[in-house]
Amino acid sequence: MMRYPLAFGFALGLLALLPANTASAVELPVRKAGLWEMKVLHTGSSVPDMTMQHCTDETTDKEMSTSFSPMAKEMCSKQDVQKTATGYVSDSVCGIAGMSITSHSEIIGDFNSAYTVKSTSHSERGPTGVPRDSTTTIEAKWLGACKADQKAGDIMMPGGMKMNIKDMEKLKALIPKQLPK
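According to mature numbering (1 follows the signal peptide of the UniProt record, and there is no 0), the residues represented by the sequence shown are -25 to -1, 1 to 156, in order.
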């Protein structure tokens, strides 16, 4: 049962980083190639905090934008990213597993050594059937080159689970269409 919250939390975290596909939107910069540690901290949610590592390169980061954009377009009625004086702001409204989630994210950092994403979300009709507010913070820092046994796109999850972000169909399959009853 632990895999459901981890996968769901991971998917929600990725949605917060998706570049928008609207004319007024700005795309996020590509992260420096190498191994990134990402700490995902939750407040007001049953999803556990987790630390994962992501091996990436310029091509993979660009492909993530291209691959996730159709998923975001399918799930989100609004996905807007704007450049600010200190970084970026993202606002979205998405439907996931029978829930409507409105999110506001502030993204700061240089995408070469570290960045932080602070997201506040309001969900309508969650697993408890009542509205809920939550906060997620992603603290990412560049660790250096990827390890010898890693390739671009590899994500090392808690407990040793390894997946590759390029395998989008598997990730999509982890996101439930409806909440379990």
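Glycine residues also receive a C-beta, built at the ideal position from the N, C-alpha and C atoms.
- According to DSSP, lysine 116 shares a beta bridge with Glu12, Ala89.
- C-alpha of glutamine 57 to C-alpha of cysteine 51: approximately 17 Å in a straight line.
- Remark: C-beta atoms of isoleucine 83 and glycine 62 approach each other more closely than 7 Å.
- Here aspartate 108 is exposed. Its C-beta has fewer than 16 other C-beta atoms within 10 Å.
- Short of 8 Å from the beta carbon of alanine 120, and not among the five residues preceding or following it, lie these beta carbons of its own chain, in chain order: Gly9, Leu10.
- Nearest Cα to glutamate 81 within the set Met74, Ser67, Ala123: Ser67.
- By the Cβ neighbour-count rule, glycine 128 is buried, with 16 or more other Cβ atoms within 10 Å of its own.
- When only Cα atoms are considered, methionine 136 and aspartate 85 end up about 28 Å apart.
- For the set Lys37, His17, Arg6, Val5, the Cα lying nearest the Cα of threonine 95 is the one of His17.
- Counting only the Cα atoms, aspartate 124 lies some 38 Å from lysine 53.
- Here threonine 26 is exposed, its C-beta having fewer than 16 other C-beta atoms within 10 Å.
- The alpha carbon of proline 23 has as its nearest neighbour, out of Asp142, Arg6, Pro133, Ala60, the alpha carbon of Pro133.
- Secondary structure in the region 53 to 80: the beta strand (DSSP E) runs of 3 residues or longer, each lying completely within the stretch, are 62 to 71 in chain order.
- If you draw a straight line from the Cα of serine 88 to the Cα of glutamate 114, it comes to about 11 Å.
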